[in-house]
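-16 is the number of the first residue of the sequence shown in the numbering used here; add one for each residue after it.
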Amino acid sequence: MYGMAGNVNVQGEEVKKLDILSNELFINMLTSSYCTRVLISEENENVIEVTTEKQGKYIVCFDPLDGSSNIDCLVSVGSIFGIYRLPDGVLQPQLKDILQCGRNLVAAGYALYGSATMMVLSIGRGVNGFIYDPAIGEFILTEKNMRIPNRGTIYSINEGYERLWDPAIKQYIHSKKYPSNGKPYGARYVGSMVADVHRTIKYGGIFLYPATVDNPNGKLRLLYECIPMAYIINEAGGKASDGNIDILDIIPKNIHQRSPIILGSTDDVDDVLLCIKNNKN
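Put into structure tokens, the structure is as follows:
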């Protein structure tokens, strides 16, 4: 299960063997549920339409294996998904029916594969966490109504790209490393969005994957990374932005559209947005 599969996906990323297996499992299980109409996967260039005899009314967008570059060193990885309802009366869905903003989500969640397998889920009434119990083959509710602190003491960003950041991001990170008063923030970065966001929800703080000089539109994908995670963060009492507007208000223009993202504790996100605003002025 370790190692490369020897090909490249639609994102231009090298595909791991587990990327292929996890994608096939997602597609097979979702199409066999008789609940889905359209699937959008990070690993597939085009929309996947469910065969007529198995069609349902839901659109599912998913990243089957987030952080797969970490597989070979046994770092935690995960899966991300968002579920939309197909508009009423639509028999042959077009892109305009599929590309919806995050406010239209009916559910979103992620699975984290680490020391235990955890599912974090929101259906629009808060966020709940479930641990998989292999003895009975079921997910057990272990964290009810998960809430993110209003402010944390941790920032999470890949500092290897600092020279490519916008001045506002550089200024913000510098202010957390070398504050004029109080203790500096701690730095934590796994490189798996699921793991980094899960820690941010648990302990508070901020996760950033900003635009850079060579990726001015950001790197993470809206439909199956940014929007589902923004939905969960929002339901947990946090905030998510692309630096200009709320992630949940963005209507994607294509299924693999990328976006910068800043998410986490409300006060921490507001601090970044203030830096961005001041730099523009």
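Glycine is no exception: its CB is placed at the ideal position from the N, C-alpha and C atoms.
Query raised in the report: Using the rule of at least 16 other Cβ atoms within 10 Å of the residue's Cβ for burial, across every protein chain shown, is aspartate 225 buried or exposed?
Result: buried
Query raised in the report: Rounded C-beta distance between proline 47 and glutamate 32? I'm assuming under 8 Å.
Result: About 18 Å; that fails the 8 Å criterion.
Query raised in the report: Just how far apart, CA to CA, sit proline 132 and threonine 19?
Result: 35 Å
Report task. Taking proline 243 as the reference, give the member of Glu208, Ser51, Asp250 with the closest Cα. Result -> Glu208
Query raised in the report: What did DSSP end up calling serine 15 once you bin it into helix, strand or coil?
Result: coil
Query raised in the report: Taking just the CA atoms, how far does serine 59 sit from valine 30?
Result: 28 Å
Query raised in the report: Is it a yes or a no for the segment 118 to 125 touching the segment 164 to 172, going by three-plus beta-carbon pairs under 8 Å?
Result: no
Requested in this report: Using the Cα positions of arginine 108 and tyrosine 67, report the straight-line distance between them to the nearest angstrom.
Outcome: 16 Å
**Report entry** Selected residue, minimal CA-CA separation from serine 5, among Gly61, Ile245, Ser15
**Finding:** Gly61
Requested in this report: Alpha carbon to alpha carbon, how far is tryptophan 148 from methionine 102? Give it in angstroms, no decimals.
Outcome: 33 Å
**Report entry** Contact check, alanine 213 vs glycine 50, beta carbons under 8 Å
**Finding:** no
**Report entry** Run of the beta strand (DSSP E) containing arginine 86, from where it starts to where it stops
**Finding:** No beta strand (DSSP E) contains arginine 86, which DSSP labels as neither H nor E.
Query - Euclidean distance between Cα positions of alanine 223 and isoleucine 233 - result: 11 Å
Query raised in the report: Are glycine 187 and glycine 135 closer than 8 Å when you measure CB to CB?
Result: yes
Query raised in the report: Taking the alpha helix (DSSP H) that isoleucine 216 falls in, what are its first and last residues?
Result: 210 to 218
Query raised in the report: In whole angstroms, what is the alpha-carbon distance linking asparagine 264 and leucine 78?
Result: 37 Å
Report task. Return the chain-ordered list of same chain residues with a C-beta closer than 7 Å to the C-beta of lysine 40, the five sequence neighbours on each side being excluded. Result -> Arg20, Arg68, Leu69
Query - Residue range of the beta strand (DSSP E) that includes methionine 102 - result: 100 to 105
Query raised in the report: Ends of the alpha helix (DSSP H) at arginine 182?
Result: 176 to 186
Report task. Return the CA-CA distance between histidine 157 and threonine 34, expressed in angstroms with no decimal places. Result -> 52 Å
Query raised in the report: Among Asp2, Leu206, Arg241, which one has its Cα closest to the Cα of isoleucine 54?
Result: Asp2
Report task. Decide if aspartate 251 is buried, meaning its Cβ has at least 16 other Cβ atoms within 10 Å, or exposed. Result -> buried
Requested in this report: Verify whether the separation of the beta carbon atoms of cysteine 44 and phenylalanine 64 is less than 8 Å.
Outcome: yes
Query - For valine 256, the nearest candidate out of Ile228, His239, Pro162, Ile238 (CA to CA) - result: Going by the sequence as given, residue 256 is leucine instead of valine. Comparing Cα positions, the closest option is Ile228.
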